[in-house]
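Structure record follows, encoded as structure tokens.
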Amino acid sequence: MKKILISVFLSAFLCISLATITQAQQAGDGVGIGFMVGEPTGLSLKSWTGGNNAFDVGLAWSLGRYDAVNIHADYLWHNYDLFSEIESGRLPFYYGIGGRLILADDDAVIGARIPVGLNYLFDNSPVGLFLEIAPIFNLAPETDFDVDGALGVRFYL
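When the letters of the sequence shown are read in order and numbered with mature numbering (1 follows the signal peptide of the UniProt record, and there is no 0), they come out as residues -24 to -1, 1 to 133.
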């Protein structure tokens, strides 16, 4: 079951990213593919839906208590007005709702995420940086509380 879930996720991840590899776009448009370091550490994909909203997906390795594959998916809202006085680039504050799946040895841990963060989008550049923290309420196999946090970079295609 674990291998099937990983295969489905990787296939979807690659299809979304390959479908948009026509040319690099300004950060904050299109699809961004990158890397995050923290808990978890791994690949990050962000797909803007237009305006101030985006989907965020992570395929990573949990370095904390699970030491296992960590997959998360979130829907995000961005507020550009909070830090509108910066001279160069854009710095939206974002928040969202999503889910997390950890595929440990013989267990799957399922939880709900509430990510919040900052996303620095350079002017006239396909590069964006982000810093995120996400409280998580684990729902199965038992209820529990976790926190994820990561620093990352994405290249927008």
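Glycine included, every Cβ here is placed at the ideal spot set by N, Cα and C.
query	result
Beta-carbon gap between G93 and I73 smaller than 8 Å	no
N-terminal and C-terminal residue of the beta strand (DSSP E) that A49 is part of	A44 to N55
Simplified DSSP assignment, three categories, for I90	coil
Sequence-distant residues of the same chain with beta carbon closer than 7 Å to G14, five excluded per side	G125, A126 and L127
Pick from F113, N55, F69 and L105 that is closest to I9, judged by C-alpha positions	L105
Beta-ladder partner(s) of T17, from DSSP	W37
Limits of the beta strand (DSSP E) - the one that E108 falls within	V103 to A116
According to DSSP, residues forming a beta bridge with I62	Answer is none; I62 lacks a bridge partner.
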